[in-house]
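For the sequence shown, my numbering gives the first residue as 107, with consecutive numbering after it. No residue lacks a Cβ here, since even glycine has one placed at the ideal position from N, Cα and C. What follows is one structure encoded as structure tokens, with my remarks underneath.
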Amino acid sequence: MLTIAVISGKGGTGKTTITASLGYILASEYKKKVCLIDADVGLSCLTRLFKVSYTLTLRDALKDPAIKLAHIMRPALSLQNLLIVPSGTALHDLVASNPKILVSKLLEVSQSGVDVTLIDAPAGISSVVIASMVASDKYMLVEELNPWGIDAALKLKSLAERLQKPSIGLVLNDVVGWKGTVRRAIRSIEEIVGIRVLGVVPNDKVVRKATMRLEVLAEKYPKSKATKAIREVAKKVAELVS
107 MLTIAVISGK GGTGKTTITA SLGYILASEY KKKVCLIDAD VGLSCLTRLF KVSYTLTLRD
167 ALKDPAIKLA HIMRPALSLQ NLLIVPSGTA LHDLVASNPK ILVSKLLEVS QSGVDVTLID
227 APAGISSVVI ASMVASDKYM LVEELNPWGI DAALKLKSLA ERLQKPSIGL VLNDVVGWKG
287 TVRRAIRSIE EIVGIRVLGV VPNDKVVRKA TMRLEVLAEK YPKSKATKAI REVAKKVAEL
347 VS
């Protein structure tokens, strides 16, 4: 089993879009049992993308120790091997005072028989992000190809080093440019940040369409350029758990 915290230094990088499609591809094409934990409490976009109906949330499980993570996992998109943990709202107030409660709750996923868990953490650095990373085996960065993305990646890498958490890599999203230029930029980023680039997701007009319609990109547009790039990332993740 592998648990990955999916993180980014700033909002708007497409972290949730990539997390959702990555989980969908791992479940539908690689037949892995996947759990997606919606820990991005400010927006809860992951839960809305999959249109999951629920009564209990991660917040409920944090407030009541009797509620186990397995009790709130919901199947998504008619795939019995793709499960969602809805976040609820305002986790920060619970976690800030006692981060260990979120860590211990997230660790329960290891008892659920899943192959891969992806934790969609909030953007930036917060108590929820730190708890998500502590509860994970590794982390994956999602950033854009610009100076702010590089700066954010460096800050999160520094945090990960303090937590002694290894990275599976960096996914560059919404990339525009000629292949030669992008390849040179990738080499520079890998040298500066010290993390390998796991995938490059190109700018693709269908991404915005899927986002506006609250659709899972890989399900609705399986042949799009962006989905094909995420599929390459999924292949590398699947190899880690095969």
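Query	Result
I need the straight-line Cα distance from Leu164 to Tyr327, nearest angstrom please.	30 Å
When burial is assigned at 16 or more other CB atoms within 10 Å of the CB, is Glu297 buried or exposed?	exposed
Can you check which of these residues, Val282, Ala332, Leu304 and Ser127, is closest to Leu183 by C-alpha distance?	Ser127
Using CA atoms only, rank isn't needed, just tell me which of Val209, Val248, Val158 and Lys169 is closest to Leu185.	Val158
Any contact of the segment 133-144 with the segment 276-285, i.e. 3+ C-beta pairs under 8 Å?	no
So Asp226 and Lys341 are in contact, right, with Cβ under 8 Å, and what is the actual spacing, rounded?	Actually they are not in contact, since the Cβ atoms of Asp226 and Lys341 sit about 20 Å apart, beyond 8 Å.
Please return the same chain residues whose Cβ sits closer than 8 Å to the Cβ of Leu304, not counting the five positions on each side in sequence.	Met246, Ile274, Gly275, Leu276, Val277, Val339 and Lys342
Tell me the DSSP secondary structure of Gln217 in three-state form.	helix
Taking 7 Å as the cut-off, decide whether the C-beta atoms of Gly431 and Lys261 are in contact.	Because the chain here runs from 107 to 348, residue 431 falls outside it and cannot be looked at.
Using a 10 Å radius around the Cβ and a threshold of 16 neighbouring Cβ atoms, would you call Asp170 buried or exposed?	exposed
Output the distance between the C-alpha atoms of Ile173 and Gly194, rounded to the nearest integer angstrom.	14 Å
In the DSSP assignment, the beta strand (DSSP E) including Pro181 goes from what residue to what residue?	Arg180 to Ala182
Quick one: is Pro228 buried, meaning 16 or more other Cβ sit within 10 Å of its Cβ, or exposed?	buried
Looking only at its own chain, which residues have a Cβ that is under 6 Å from the Cβ of Lys138, when we skip the five neighbours before and after it?	Leu132, Asp221 and Val222
Go through its chain and collect everything with a Cβ distance to Asn309's Cβ below 6 Å, but skip five positions before and after it.	Asp280 and Val282
Out of Ser242, Glu249 and Arg290, point me to the one whose CA is closest to Ile143's CA.	Ser242
Relative to the alpha-carbon of Asn187, which residue among Ile178, Cys141 and Ile231 has its alpha-carbon at the smallest distance?	Cys141
Let me know if Met318 comes out buried or exposed under the rule of 16 or more other beta-carbons within 10 Å of its beta-carbon.	exposed
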